[in-house]
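Residue numbers (this note's numbering): -19 to 88.
Here is the structure we will look at.
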């Protein structure tokens, strides 16, 4: 049997307030990632995780807009995983750049 991983924020994301709050965070942050400025695959992140601070789940000041790459990095670190090696990070950056700019692919 597979282990069960409950998402602490599941109730938050099903709440009727979440879509409006999510939209407000993206508007406030100018529809771009606050870490790198990307406008690709934007996600709204709780700065202080819901599992640690459920009282801040619906606080706009506790939200930030991140791209999928930066959100994944932040989540991995919060979960206790180590930083990626420089070689692995360079590979991920290359693949992400190729997805964002298909016309600049190598060999074309």
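Heads up, the beta-carbon is just placed ideally off N, CA and C, and yes, glycines get one too.
Nothing here was measured: the structure is a model prediction, and the numbers come from that model.
Exercise for review: Please state whether DSSP places residue 32 in a helix, a strand or coil.
Suggested key: On the chain shown, residue 32 is found 52 positions in, with the first residue counted as 1. Residue state, collapsed to three classes: coil.
**Study point:** Residue range of the unbroken beta strand (DSSP E) whose run includes residue 26
**Key:** By 1-based counting over the chain shown, the position of residue 26 is 46. Where residue 26 is concerned, the enclosing beta strand (DSSP E) stretches over 22 to 26.
Point to revise | Where residue 43 falls: helix, strand or coil (DSSP) | key: Position 63 of the chain shown, counting from 1, holds the residue named residue 43. Correct three-state label for residue 43: strand.
**Study point:** Residue range of the unbroken alpha helix (DSSP H) whose run includes residue 52
**Key:** Within the chain shown, numbered from 1, the residue matching residue 52 stands at position 72. Start and end: 48 to 58.
Review point. What is the DSSP secondary structure of residue 77, reduced to helix, strand or coil?
Key: By 1-based counting over the chain shown, the position of residue 77 is 97. Reduced to three states, the DSSP call for residue 77 is helix.
Check your understanding: For the 8 Å Cβ check, are there 3 or more pairs between the stretch 75 to 83 and the stretch 52 to 60?
Key -> no
Exercise for review: Mind reading off the beta-carbon distance from residue -12 to residue 31? Whole number of angstroms is fine, and I expect it under 8 Å.
Suggested key: Walking along the chain shown from the start, residue -12 turns up at place 8. Walking along the chain shown from the start, residue 31 turns up at place 51. Rounded, the Cβ-Cβ distance is 4 Å, consistent with contact.
Check your understanding: Do you know whose CA, among 22, 15 and 18, lies nearest residue 2's CA?
Key -> In the chain shown, residue 2 corresponds to position 22, counting from 1. Residue 2 has its Cα closest to that of 22, out of 22, 15 and 18.
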